[in-house]
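Scroll down for the structure; my scribbles are underneath it.
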Amino acid sequence: MLTAFIQAAMRHATYEIIEDDATFFGHIPELQGVWGHAATLEACREGLQSALEDWITFSLANNLPIPPIDGIELHSTRAA
Numbered sequence: 201m202l203t204a205f206i207q208a209a210m211r212h213a214t215y216e217i218i219e220d221d222a223t224f225f226g227h228i229p230e231l232q233g234v235w236g237h238a239a240t241l242e243a244c245r246e247g248l249q250s251a252l253e254d255w256i257t258f259s260l261a262n263n264l265p266i267p268p269i270d271g272i273e274l275h276s277t278r279a280a
């Protein structure tokens with residue numbers, strides 16, 4: 201389920217070129233604070249996925265809500 205969530209979230213990612221320095225910025229609109237920035241699009245995607253994984257880990261560890269993506273839900277199993 202975790203892999204499916206990550207793959208679904210990455211399909212929602214949007215990317216843009218920052219004209220000032222010709223770098224790439226990517227984010228996942230549904231997940232506040234999940235973004236990546238790099239010199240190439242591929243490096244931006246990799247950074248974005250790493251940020252997503254860290255965000256999920258932090259959210260689960262702190263029992264924070266994670267919005268569903270494409271009907272896939274993640275929940276912490278830890279008691280509140």
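According to this note's numbering, the sequence shown is numbered sequentially starting from 201. Don't be surprised by glycine CBs; every beta carbon is placed ideally from N, CA and C.
Where the beta strand (DSSP E) through residue i begins and ends
i       : result
Leu-251 : The residue asked about is misnamed: residue 251 is Ala in this sequence, not Leu. That residue, Ala-251, is in no beta strand (DSSP E); its alpha helix (DSSP H) goes 241 to 261.
Thr-277 : No beta strand (DSSP E) contains Thr-277, which DSSP labels as neither H nor E.
Ile-217 : 214 to 218
Check: residue i C-beta below 7 Å from any heavy atom of the ligand GDP
i       : result
His-212 : By its list of ligands, the structure shown contains no ligand whatsoever, and the ligand GDP lies outside what it can speak to.
Three-state secondary structure (DSSP) of residue i
i       : result
Ile-206 : helix
Counted within 10 angstroms of its Cβ, other Cβ atoms place residue i as buried (16 or more) or exposed
i       : result
Ala-222 : exposed
Ala-204 : exposed
Gly-226 : buried
C-alpha distance - residue i paired with residue j, whole-angstrom precision
i       : j       : result
Leu-202 : Leu-274 : 7 Å
Ile-218 : Pro-229 : 17 Å
Residues near residue i in its chain [Cβ-Cβ closer than 7 Å; skip 5 each side]
i       : result
Ser-276 : Leu-260 and Asn-263
Sequence-distant residues of the same chain with beta carbon closer than 8 Å to residue i, five excluded per side
i       : result
Ile-206 : Gln-249, Leu-252, Glu-253 and Ile-256
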